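Colleague: Dumping the structure here so I can ask a few things about it.
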Amino acid sequence: MKLSLAILLASVVSTSAFVFAPSALTAARLSKSCSLFCETEDTEDVAVEAEDEIQPETEEVSKQPESTSAPSKFASEIGAQDPLGFWDPLGLLEDADQERFDRLRTVELKHGRVSMLAITGHITTTAGVRLPGDIDLHGTSFASIGTGIRHITDVPALGWAQIFLLAGLMEFFVMTPREDSGMKSEFVGDFRNSVDFGWDDFTEEEKRTKRSVELNNGRAAQMGILGMMVHEMLPSHDPYMINGLLGFPVNFN
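Going by the working numbering, the letters in the sequence shown line up with residues 3 to 255, in that order.
If you want it as structure tokens, here you go:
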């Protein structure tokens, strides 16, 4: 009996050992897995929170407007036209006041007007038109002087004196606003000086259009006469070389 009881107790103990040992091992494994899973969730939460913190900053940076320069106060002046609009690549009007703008506009207008006269004179003399008579007292005729800058040395000293005298008279007495003429200049470059050719009969829109046309023609003439002088100094010595390329050659000099 005692032996049977001992055997029974041994069987129960051994069974207990086999039952509870795996349970303890399983619990340990589950605890370890849970800790790993919780760690993973915590890590993901931290990453999401960090991403949420970074995202608004990124959006804030992306929403920042691009830095653009403020439009010039002269952007609405005559000459600021399509397609370029207001174009000041050299920054001549940067921080400029109205007085400086008027000064530069006066210079631009005068250069444009002189260049238009130069283009007209170049075409006229190329066509063979000359003033009658002589340019000096030594018998140098106008017809004997060629066209273009290559013949600039053909002009005698008295001829240059006449040119500078005429330019001075135009500069000081004609192409300048004169308050004593009884007519106040309406704008920069208004050199009518009491001689009106119907300007007052135009509407404001027509006046602005005509001023824009003059300004643009003067700009084109400045580039035109410069190009003609450059072409004349090329090996072909032909300021009208583009005409020749298009099939319309010009008999120059």
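Beta carbons: idealized from backbone N, C-alpha and C, even for Gly.
Source: prediction; values computed, not measured.
1) Where does Ser187 sit, in a helix, a strand or coil, going by DSSP?
2) Quick one, are the C-beta atoms of Gly87 and Gln224 less than 8 Å apart?
3) Are Arg194 and Ile80 closer than 8 Å when you measure CB to CB?
4) Could you spell out where the alpha helix (DSSP H) holding Met243 opens and where it closes?
5) Do you know whose CA, among Gly130, Arg132, Val157, lies nearest His140's CA?
6) With a Cβ-Cβ cutoff of 8 Å, do Leu95 and Ser74 count as a contact?
7) Classify Ser117: buried if its beta carbon has 16 or more other beta carbons within 10 angstroms, exposed otherwise.
8) In whole angstroms, give me the CA-to-CA distance for Glu216 and Thr108.
9) How long is the line joining the alpha carbons of Leu160 and Gln83, rounded to whole angstroms?
10) Nearest to Gly191 by CA position, among Phe144, Ser214, Thr122, Glu207, is which residue?
Modeller: Concretely, from the data shown:
1) Counting from 1 along the sequence shown, the entry for residue 187 is found at position 185. Of the three classes helix, strand and coil, the one that applies to Ser187 here is coil, per DSSP.
2) Residue 87 sits at position 85 when you count from the first residue of the sequence shown. Residue 224 sits at position 222 when you count from the first residue of the sequence shown. In this structure, Gln224 does not lie closer than 8 Å to Gly87 by Cβ.
3) In the sequence shown, counting from the first residue as 1, residue 194 sits at position 192. In the sequence shown, counting from the first residue as 1, residue 80 sits at position 78. No. Outside cutoff.
4) Counting from one through the sequence shown, the residue named residue 243 turns up at place 241. Unbroken alpha helix (DSSP H) run through Met243: 243 to 247.
5) Here residue 140 refers to the residue found at position 138 of the sequence shown. Of Gly130, Arg132, Val157, the residue nearest in Cα terms is Val157.
6) If you number the sequence shown from 1, residue 95 lands on position 93. If you number the sequence shown from 1, residue 74 lands on position 72. It is a contact, given that the beta carbons lie within the stated cut-off.
7) One-based indexing of the sequence shown puts residue 117 at position 115. Ser117 should be labelled buried.
8) Position 214 of the sequence shown, counting from 1, holds the residue named residue 216. Position 106 of the sequence shown, counting from 1, holds the residue named residue 108. Their backbone Cα atoms lie some 13 Å apart in a straight line.
9) Mapped onto the sequence shown, residue 160 falls at position 158. Mapped onto the sequence shown, residue 83 falls at position 81. Rounded to the nearest angstrom, the two C-alpha atoms are 44 Å apart.
10) Reading the sequence shown from its first residue, position 189 is the one you call residue 191. The closest CA to that of Gly191, considering only Phe144, Ser214, Thr122, Glu207, is found on Ser214.
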